[in-house]
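Below is one structure, written out as structure tokens; the observations come after it.
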Amino acid sequence: KRWLFTTNHKDIGTLYLWLALISFFVAGAMALVIRLELFQPGHRFVDPNFFNQMTTLHGLVMLFGVVMPAFTGMANWQIPMMIGAPDMALPRLNNWSFWILPFAFCLLFSTMFHAGGGPNFGWTMYAPLSTTYAPPSTDFMIFSIHMMGLSSIMGSINIIATILNLRAPGMTLMKMPLFVWTWLITAFLLIAIMPVLAGAVTMMLADRHFGTSFFNAAGGGDPILFQHVFWFFGHPEVYVLVLPAFGVISEIIPTFSRKPLFGYHFMVYA
Numbered sequence: 001k002r003w004l005f006t007t008n009h010k011d012i013g014t015l016y017l018w019l020a021l022i023s024f025f026v027a028g029a030m031a032l033v034i035r036l037e038l039f040q041p042g043h044r045f046v047d048p049n050f051f052n053q054m055t056t057l058h059g060l061v062m063l064f065g066v067v068m069p070a071f072t073g074m075a076n077w078q079i080p081m082m083i084g085a086p087d088m089a090l091p092r093l094n095n096w097s098f099w100i101l102p103f104a105f106c107l108l109f110s111t112m113f114h115a116g117g118g119p120n121f122g123w124t125m126y127a128p129l130s131t132t133y134a135p136p137s138t139d140f141m142i143f144s145i146h147m148m149g150l151s152s153i154m155g156s157i158n159i160i161a162t163i164l165n166l167r168a169p170g171m172t173l174m175k176m177p178l179f180v181w182t183w184l185i186t187a188f189l190l191i192a193i194m195p196v197l198a199g200a201v202t203m204m205l206a207d208r209h210f211g212t213s214f215f216n217a218a219g220g221g222d223p224i225l226f227q228h229v230f231w232f233f234g235h236p237e238v239y240v241l242v243l244p245a246f247g248v249i250s251e252i253i254p255t256f257s258r259k260p261l262f263g264y265h266f267m268v269y270a
């Protein structure tokens, strides 16, 4: 009960880190299946369709289930302590943004047990493979992506509110540790791009069930449109993944070299 209803930023950070670790082992098992299949030419260890399901789920789980929760967990732990805040600005939203994720992953993994198998078109979900030729379980994958996006947006709102409103007296923006800066930028990026991904998968859903032709050339749509919309999400997502890592490195190196970070202002502006 303590873990379920906790609003403590350290507890929630720990939950995020545990989720990332568990997801890492699950996604790692999927990667082993992929490599086992590619181990020797001519040998077939798994069904080709199952292999495609593994590549799809491995990509989604590593992205939304390992890297992002791991960095969010670190942000939950570190940011309040680094800026002198008692806790996150919106503790209950913090709790909610975490507990959405396990449900999203249960939904995503359940797709493998549906008739027709799980989504088998790669984690980039390119149409028309993800619309015209996709298995029925794709709808569950779309809903789970919506839930993961909602979680990311809520977490980002919380981080921005915390950094802008709960800094200790005298802690100006230009005195914040670089890790906090990287997360501030990352949170703004997430709020900008997650709705775009949600829009892309919603268009997929509409093409599948509601007779639209966003990505269907036969109905006047454009299959390349999905790629443009997806990479509007995909390109900033690279920075979402790498900026917190830069922030971590920018804390570790000055700490162990016992020297202040050189060119702090320039790094912030960059």
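Numbered per full-length UniProt numbering, the sequence shown finishes at 270, counting up by one with no gaps. Every residue, glycine too, gets a C-beta built ideally from N, C-alpha and C. Note that the coordinates shown come from a computational prediction; the quantities given were computed from them, not determined experimentally.
8 Å Cβ cutoff met for residue i and residue j
i      : j      : result
Pro260 : Ala127 : no
Ala75  : Ile159 : yes
Leu32  : Leu108 : no
Thr7   : Asn94  : yes
Pro80  : Thr162 : yes
Leu178 : Tyr264 : yes
Trp183 : Gly247 : yes
Met112 : Gln53  : yes
His58  : Ile22  : no
Sequence-distant residues of its chain with Cβ nearer than 6 Å to residue i (five each side left out)
i      : result
Met203 : Phe214
Ala20  : Val66, Pro69, Ala70
Leu63  : none
Leu241 : Val67
Residue closest to residue i, alpha-carbon to alpha-carbon, out of the options
i      : options                       : result
Val201 : Leu225, Leu178, Gly219, Gly13 : Leu225
Ser152 : Met82, Ala192, Met125, Pro119 : Ala192
Val229 : Val196, Leu243, Met54, Ala29  : Val196
Thr212 : Thr131, Val238, Leu178        : Thr131
Met148 : Asp47, Phe105, Gly28          : Phe105
Ala27  : Thr56, Pro48, Gly220          : Thr56
Beta-carbon contacts of residue i that lie in its chain and below 8 Å, excluding the five residues immediately before and after
i      : result
Pro136 : His114, Ala115, Gly116
Thr14  : Gly73, Trp77
Asn165 : Ala89
Ile157 : Leu90, Leu93, Ala187, Ile191
Contact set for residue i: own chain, Cβ-Cβ below 7 Å, skip 5 residues either direction
i      : result
Ser110 : Phe140
Ile142 : Val201, Met204, Leu205
Leu101 : Leu19, Pro69, Met148, Ser151
Helix, strand or coil at residue i [DSSP, three-state]
i      : result
Lys259 : coil
Phe103 : helix
Val268 : helix
Arg35  : helix
Phe71  : helix
Val201 : helix
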